[in-house]
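There are 2 protein chains.
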Amino acid sequence: MGASKLDIYTDQIIEIAAFAKVFAHPARVAILQYISKQENCICNDIVDEIGLAQATISQHLKVINEAGLLKGNFEGKSVCYCLNTIRFKEFQDAFNSYFNTTQTNCCSI
Amino acid sequence: MGASKLDIYTDQIIEIAAFAKVFAHPARVAILQYISKQENCICNDIVDEIGLAQATISQHLKVINEAGLLKGNFEGKSVCYCLNTIRFKEFQDAFNSYFNTTQTNCCSI
DNA sequence: TCGTAATATTGCAATATTACGATATGAAAT
DNA sequence: ATTTCATATCGTAATATTGCAATATTACGA
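The listed protein sequences derive, respectively, from chains A and B.
End of the first sequence = 369 in my numbering, gap-free, step of one.
End of the second sequence = 369 in my numbering, gap-free, step of one.
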């Protein structure tokens with residue numbers, strides 16, 4: 261096979277995995293970090309910064325956008341991609357919620 | 261292609277991506293959650309709980325273990341896998357550190 | 001020692017991801 | 001209107017991941 265069996269997991273677990281997937285590639289981690297630092301973030305800047313082809317960056321941006329992590333002006337020549345900080349905080353909260361409820365020790369070795 | 265270009269990223273970014281990859285599959289998220297709840301966690305219990313084949317679970321456990329997230333008794337018939345809470349906390353701290361330094365807003369749309 | 005129970009490894013098929021060149025699109029400038 | 005610039009999409013090749021059956025390993029008990 262190769263496809264994930266999604267029907268056997270709870271919604272919370274699927275959400276965490278989906279969130280983690282966004283960060284599971286260094287290009288996307290780097291892109292998010294870069295976007296948060298810039299006043300005006302257009303794709304070509306990111307291309308120069310990260311060192312991947314424009315098509316590849318655009319593809320990663322799509323993944324980030326589909327996760328709801330972008331906002332801004334998507335039209336015209338001077339696109340301004342920005343981090344959706346509210347959504348970003350949702351990610352952080354979901355991770356922390358998962359981490360904080362998954363720390364019980366089961367044995368003392 | 262298909263392989264990641266790792267040489268163009270900082271160590272922090274590669275670490276975050278590697279950490280996220282562990283959680284990027286619902287089976288591993290579920291396994292970690294399950295392990296943390298049990299007194300004695302042996303693989304067969306997990307197989308029954310998660311609903312994947314024993315070989316598949318074992319494979320996911322290997323990924324989790326290679327990330328340093330397991331500890332316990334790995335020998336004999338009655339293995340006891342436990343969550344390495346110290347390492348787990350390292351993951352949480354790395355994520356939070358990344359999240360907290362990546363929240364600056366770049367435009368006000 | 002032999003069998004058994006529990007877990008790991010191997011090999012393979014199906015699918016997903018990553019990367020990039022080529023091309024399309026869309027808005028602004030000329 | 002045409003060109004230009006910035007970004008998106010398409011097509012495709014390379015690689016990675018997921019899942020499982022079959023088999024190997026390993027420790028314990030009879």
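Glycine is no exception: its CB is placed at the ideal position from the N, C-alpha and C atoms.
Ends of the alpha helix (DSSP H) at residue i?
| i | result |
| --- | --- |
| residue 321 of chain B | 314-326 |
| residue 341 of chain A | Careful: residue 341 of chain A lies outside any alpha helix (DSSP H), inside the beta strand (DSSP E) at 340-343. |
| residue 303 of chain A | 303-310 |
| residue 268 of chain A | Careful: residue 268 of chain A lies outside any alpha helix (DSSP H) and carries neither H nor E. |
Along chain A, in chain order, which residues have C-beta atoms closer than 7 Å to that of residue i?
| i | result |
| --- | --- |
| residue 284 of chain B | 277, 280, 281, 284 |
| residue 274 of chain B | 286 |
| residue 325 of chain B | Result: empty, since nearest Cβ-Cβ is about 14 Å, beyond 7 Å. |
Could you pull the start and end residues of the beta strand (DSSP E) that residue i belongs to?
| i | result |
| --- | --- |
| residue 294 of chain B | Taken as a continuous stretch (DSSP letters only), residue 294 of chain B belongs to no beta strand (DSSP E), being part of the alpha helix (DSSP H) at 286-297. |
What does a CB cutoff of less than 6 Å around residue i pick up in its chain, not counting 5 residues either side in sequence?
| i | result |
| --- | --- |
| residue 332 of chain B | 340, 341, 342 |
| residue 270 of chain A | none |
| residue 311 of chain B | none |
| residue 296 of chain B | 343 |
If you drop the 5 nearest sequence neighbours on each side, which residues of the same chain put their C-beta closer than 8 Å to that of residue i?
| i | result |
| --- | --- |
| residue 279 of chain A | 327, 351, 354, 355 |
| residue 289 of chain B | 283 |
| residue 303 of chain A | 314, 317, 318, 321, 339, 341 |
| residue 368 of chain B | Bear in mind that the predicted position of residue 368 of chain B carries a pLDDT of just 49, short of 50, making it unreliable; the figure below should be weighed with that in mind. Nothing meets the Cβ criterion. |
| residue 276 of chain A | 354, 355, 358 |
| residue 286 of chain A | none |
Among residues of its own chain, excluding the 5 on either side of residue i, which ones have a beta-carbon nearer than 7 Å to its beta-carbon?
| i | result |
| --- | --- |
| residue 308 of chain B | none |
| residue 348 of chain B | 329 |
| residue 306 of chain B | 291, 294, 317 |
| residue 323 of chain B | 282, 288 |
Residues of chain B with CB under 8 Å from residue i, in chain order?
| i | result |
| --- | --- |
| residue 292 of chain A | 362 |
How would you list, in chain order, the residues of chain B whose beta-carbon sits under 9 Å from the beta-carbon of residue i?
| i | result |
| --- | --- |
| residue 314 of chain A | Result: empty, since nearest Cβ-Cβ is about 15 Å, beyond 9 Å. |
| residue 268 of chain A | 286, 287, 290, 310, 311, 312 |
So with CB distances below 7 Å, who are the chain B contacts of residue i?
| i | result |
| --- | --- |
| residue 289 of chain A | 273, 276, 277 |
Residue i touches chain A at which residues, Cβ-Cβ below 8 Å?
| i | result |
| --- | --- |
| residue 319 of chain B | What residue 319 of chain B touches in chain A: nothing, since even the nearest Cβ is about 12 Å away. |
| residue 304 of chain B | Under the 8 Å cutoff, chain A gives no residues; its nearest Cβ is about 16 Å from residue 304 of chain B. |
What three-state label does DSSP hand residue i in the structure shown?
| i | result |
| --- | --- |
| residue 368 of chain B | Annotation note: pLDDT 49 at residue 368 of chain B (below 50); position unreliable, coordinate value reported separately. Here residue 368 of chain B sits in coil by DSSP. |
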